[in-house]
Amino acid sequence: MKQHNMKSWFKSGSPWIWMNAGAVSIAIIMTLGLLAVIATRGLAHFWPADIIEASYQIPGEEAKIMAGEVVQKEEIPRARLASAGLPVNVEGGEFMTRELLKVGNRDLYGADFSWVVGEWLSEQRKPETLTAFERREWGNFYGYLINVKEDGKLVAEGDAAWPELQKRIERVDDLHGQIVQLEKRDIGRINAGLERVRLQTRKLELSGGLTDAAQADLDAERARWDAEYKVLEAELNARHQQFNRDSMTVRSADGREQEISLGKVVRAFRPNAMSTLDKLSFYGSKLWEFVSDDPREANTEGGIFPAIFGTIMMTLIMAVIVTPFGVVAAIYLREYAKQGPLTRVIRIAVNNLAGVPAIVYGVFGLGFFVYVLGGSIDRLFFPEAAPAPTFGTPGLLWASLTLALLAVPVVIVATEEGLARIPRALREGSLALGATKVETLWRVVLPMASPAMMTGLILAVARAAGEVAPLMLVGVVKLAPSLPVDGNYPYLHLDQKIMHLGFHIYDVGFQSPNVEAARPLVYATALLLVMVIAILNLTAVYMRNRLREKYKALDH
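Letter by letter, the sequence shown follows residues 52 to 607 in the numbering used here.
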C-alpha cells in the first residue's frame, strides 16, 4: 500500500514541482547572498572609519609610531610569519593576528597600506585631533594640523587652525568647480569653434573654393574666437592663482612635517571626533560623490559618473538600433517569407548567432564597423580631417552597433514567438473587413505582439549592458576626458570614446597599481552596474506589462 502511494505521488508530478521550487529558492538565496556580499564590501568603503595611533615595535628593533585605519584582521600561523623572516617566537600560540592598516602618506612611506602584527601594536589610542586629509593626488594624508598659511604667511595655528582650514577648503572647492567649468564648457566651446574653422579652411582648400573673401571671413571668425579665448585665459589664470594661494602645515604620526597646498586637498575630517549623525552625513556625501563625480588617482578615487553615463547612453542607442532591425527581420521571416528549407536555415543561423562568443563580435566590429565603414565615411564626408580619423576610430556609435549586432538574434527570436502566438482568425477577420495586409500588420498584429518585442528588448539589454570584451575593441577606454553629450554642435558626439562600468571594474580590479585601494571600489562599481541593468530592465518590464494590459485579447 505504501509503495503504491509513493508511485502515485511520483506520477502526480509533485516531486518535480518541489524540486523546481527548491532549485529556484536556492538560486534566489545565492543571488541575494552575492548581492549582500558585494554591497557590504563595497558600500563599507565610504564609511569614515576611526583612525588609530599606536606604537609598533618589532622584537629587536626600535619602536615607531603608526597611524591609520584598520582595514582587515586575520589569524595567521606563527610558522608562516617566521618563514617570512619576522622574529616570531614559534613556541607561543599557534596563531597570531595580522592587521592591514591604511596608513596613507604615500609620498612619505611609499605605500598606502601596511601589514602589521597585532600583538606588536601597543598603546593604541584614537586622538580626536588626528585628521584625514583627502587629496587629489597621493591618496590620504593622516596626521595633525599645525597651521594654515596664505601666500606663505601664517594665518592661523593651534585650535584656531581647524575652523580656518574648513573655511578655506570650501573656498578652494568652489574655485575648483569654477576652473572645471571654464576648462570644460567655455574653453571647450572655443576649442570646438576653432577646430570647425580649421576644418572648414581645409575643406575649401581641397575643393578649390578658398577665395580671398572666404579666407577673410574665416580669419575674422578665428580672430573672434582667439579674442574670446584670451579673455577666458586671463580669467582662468586668475582663478589658478587664487586656487593655489592657501597652504597648510601638517605633521605625520612619526613627527615629520610637510606643507601641502590646499589646491591639492578635497576635504579634511576628523573621524575620531565625529558623532554617528556626522558620520552618516559624511557617508551620504561620499556616496553622492561616487555616483556624480569624475574619477581621479588612476580611477581608484573620486566618482564614476562618466562610466555610468557611458553605459546608459550606449545601451539606449543600442536599444534604438536593435529594436527596429530585429522586429523587421522577425516580421519578414514570419509574415512574408515563404516557409521552406531556406527559411529554416536562416532561423538556425539566427539561433546560432546568439551563441557566438562576444569577443568575436568585438573583432568583427573593429574590422568592419571601424576600419571599413568608418574609414569609408571619413573618406567620403570628412576628407578635411585626414589623416586624423573621425569615424574611422573606435567610438560610441561603433560600440552601440556592435552590441546591437550581438543582441539582435534575441530580439528576432522573441518577436517571432510573439507573432506566432497571435491567432490566425484575427488576421483573417481584419482582411475580411477590407484592411490590407500592411494595415492588418500595423494595426492588429504588431500592437498585440508588442509585449513579445519588449521581452526581446529586455533580454537584449540584460545581455548587452554587462558585456565588456567586445567593447574594449570598439570604443570603451580607461578614462574619457569629456562626456559624449555637451553644448557644442552636434551636441551628441557619436565618434567620441566613452567609459563603461564593466570595463571600469576590469581596469580598477586588474590594472590598478594600488590593489588594496582598488578592491572595495570593484565591489561598489559592480553593485552599481547591477543596479543600472536592473533599472533598465525594470523600465522595460513596466512598459511590457502596460502593453499586455492594453492588449489582453492576446491571452484569449
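Cβ coordinates follow ideal geometry from the N, Cα and C atoms, glycine included. Computed from a predicted model, the values in this text were never measured in an experiment.
- Message: Just to confirm, is the Cβ distance from I127 to M365 under 8 Å?
- Response: no
- Quick one: using the 10 Å Cβ neighbour count with 16 as the cut-off for buried, is R614 buried or exposed? The chain is shown only over 52 to 607; residue 614 falls outside these bounds and no answer can be derived.
- Tell me K153's beta-bridge partners as DSSP assigns them. E120, F164
- Thinking C-alpha only, which one of L456, T466, L216, L482 is nearest P521? Nearest to P521 by C-alpha distance, out of L456, T466, L216, L482, is L456.
- Query: Hey, how far is the Cα of D429 from the Cα of L452?
  - Reply: 18 Å
- Query: What's the gap between the Cα of L152 and the Cα of A513?
  - Reply: 39 Å
- Task: Figure out for me which residue from E215, E467, G416 has the closest Cα to the Cα of F376.
- Result: Checked all of E215, E467, G416; the closest Cα to F376 is E467.
- Assuming Y193 contacts G155 (C-beta within less than 8 Å), just tell me the rounded distance between them. The beta carbons of Y193 and G155 sit about 5 Å from each other, so the pair counts as a contact at 8 Å.
- Message: Suppose you measure from the CA of F184 to the CA of A319; what does that come to, to the nearest Å?
- Response: 4 Å
- Message: Taking the straight line between their C-alpha atoms, what separation do you get for L510 and R475?
- Response: 27 Å
- Compute the Euclidean distance between the alpha carbons of M369 and G517, then round it to the nearest angstrom. 13 Å
- Using alpha carbons as the reference points, say which of L216, P66, F97 lies closest to W339. F97
- Straight-line CA distance for D224 to E125? 39 Å
- Task: Output the distance between the C-alpha atoms of V519 and H555, rounded to the nearest integer angstrom.
- Result: 9 Å
- Between the CA atoms of R478 and L605 - distance to the nearest angstrom: Below a pLDDT of 50, predicted positions are generally treated as unreliable, and L605, at 45, falls in that range; the measurement from the model is reported next regardless. Distance between the alpha carbons of L605 and R478: 13 Å.
- Query: Of the choices I116, A95, V528, whose alpha-carbon is the least far from that of R302?
  - Reply: I116
- Short Cβ contact (8 Å threshold) for L417 with L524: yes
- Message: Am I right that E386 and L508 are in contact with their C-beta atoms under 8 Å? What's the rounded C-beta distance?
- Response: Between L508 and E386 the Cβ distance is about 20 Å, and since that is not below 8 Å, they are no contact.
- Message: Assuming the contact rule is C-beta atoms closer than 8 Å, L313 and L233 should be a hit. Round their C-beta distance to whole Å, please.
- Response: Contact doesn't hold; Cβ gap of about 19 Å is too wide.
- If L181 and N323 are in contact, beta carbons under 8 Å, what's the gap, nearest whole angstrom? Yes, they are in contact, since the Cβ atoms of L181 and N323 sit about 6 Å apart, within 8 Å.
- Message: Using a Cβ-Cβ cutoff of less than 6 Å, which residues in the same chain neighbour L454 once the five nearest sequence positions on both sides are dropped?
- Response: M369, A515
- Query: Roughly how many angstroms separate the alpha carbons of G161 and T441, rounded to a whole number?
  - Reply: 42 Å
- Message: To the nearest angstrom, how far is the alpha carbon of L598 from that of V459?
- Response: 21 Å
- Is DSSP giving R253 helix, strand or coil here? helix
- How far does the beta strand (DSSP E) with K204 in it reach, from first residue to last? 204-208
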